[in-house]
Amino acid sequence: MQIPAYPLPPIIKDLQDAVPTPQEVYLVGGTVRDLLRGHPIHDVDLVVPRDGLAFARKLANNLKAAFYPLDASRDTGRIILGEGSQRMIIDVAVFRGPTLEDDLRARDFTVNAMAMPLHQPTQLIDPTQGLRDLKDKRLRACTSHAFADDPLRVLRGVRLAVALQFRIEPQT
800 MQIPAYPLPP IIKDLQDAVP TPQEVYLVGG TVRDLLRGHP IHDVDLVVPR DGLAFARKLA
860 NNLKAAFYPL DASRDTGRII LGEGSQRMII DVAVFRGPTL EDDLRARDFT VNAMAMPLHQ
920 PTQLIDPTQG LRDLKDKRLR ACTSHAFADD PLRVLRGVRL AVALQFRIEP QT
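Counting the sequence shown from 1 gives a position; our numbering is that position plus 799.
Laid out in structure tokens, this is it:
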């Protein structure tokens with residue numbers, strides 16, 4: 800779905816400059832949620848279809864930033880760019896599932912289950928109607944088994960509802 804253009808934070812422009820255009824890289828999760836709300840982003844979540852650690856290491860080198868493997872078994876890495884109040888954390892993971900949509904559907908809440916191609920941030924990928932929930936200030940689980948998959952999501956849901964001033968959907 801096409802969304803209106805909006806001012807991009809400098810970190811997104813830096814990432815666009817550091818990543819070759821044909822590379823399949825997506826902004827996801829809280830990054831997309833906060834961009835759509837017009838709120839500052841404090842960290843960046845990226846997903847790639849494969850080779851997450853290798854991609855993160857190369858991106859860190861391009862950005863002249865520090866790289867740390869977060870979870871080698873899940874092919875997930877972290878980049879730390881800058882210091883102090885200018886510090887930005889960039890997490891890179893591979894799709895959880897064969898496709899981006901599978902990854903998004905496996906997330907906790909619909910408002911965190913949206914993606915944007917890094918080089919086309921006016922294209923929104925929203926298989927769970929997260930944008931509608933964002934506009935309605937509603938926190939809704941992506942699936943009926945979201946909490947069985949990860950019980951800590953219950954606590955995260957309460958924290959998010961308070962922080963975002965959203966209401967938790969009763970069925971969630």
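Backbone N, C-alpha and C fix where the C-beta goes; we use that ideal spot for every residue, glycine too. As the structure is a computational prediction, the values presented were derived from the model and not from experiment.
Take residue i and list the residues in its own chain whose beta-carbon comes closer than 7 Å to its own, dropping the five residues that flank it on each side.
| i | result |
| --- | --- |
| residue 952 | 907, 945, 946 |
| residue 923 | 800, 802, 913, 915, 930 |
| residue 928 | 909 |
Could you tell me which residues DSSP puts in a beta bridge with residue i?
| i | result |
| --- | --- |
| residue 866 | 878 |
| residue 960 | Partner(s): none; residue 960 has no beta bridge. |
| residue 801 | 922 |
| residue 887 | 880 |
| residue 790 | No statement about residue 790 is possible, as the shown extent of the chain runs from 800 to 971 and does not include it. |
| residue 826 | 845, 915 |
Counting only the same chain and skipping the five closest in sequence on each side, list residues whose C-beta sits under 8 Å from that of residue i.
| i | result |
| --- | --- |
| residue 860 | 866 |
| residue 839 | 808, 833 |
| residue 893 | 846, 847, 848, 849, 850, 851, 873, 874, 875 |
Cα separation between residue i and residue j?
| i | j | result |
| --- | --- | --- |
| residue 971 | residue 965 | 13 Å |
| residue 910 | residue 955 | 13 Å |
| residue 960 | residue 828 | 15 Å |
| residue 804 | residue 835 | 10 Å |
| residue 974 | residue 937 | Outside the shown range of the chain, which is 800 to 971, sits residue 974, and nothing can be said about it. |
| residue 918 | residue 878 | 19 Å |
| residue 962 | residue 837 | 15 Å |
Report all residues from its chain with a CB closer than 6 Å to the CB of residue i; omit the five preceding and five following residues, and keep chain order.
| i | result |
| --- | --- |
| residue 766 | Past the boundaries of the shown model lies residue 766; the chain is included only from 800 to 971, so the question cannot be answered. |
Is it buried or exposed, residue i, if we count other Cβ atoms within 10 angstroms and call 16 or more buried?
| i | result |
| --- | --- |
| residue 800 | exposed |
| residue 920 | buried |
| residue 898 | exposed |
| residue 820 | exposed |
| residue 855 | buried |
| residue 824 | buried |
| residue 902 | buried |
By DSSP, does residue i sit in helix, in strand, or in coil?
| i | result |
| --- | --- |
| residue 908 | strand |
| residue 919 | coil |
| residue 931 | helix |
| residue 813 | helix |
| residue 842 | strand |
| residue 938 | strand |
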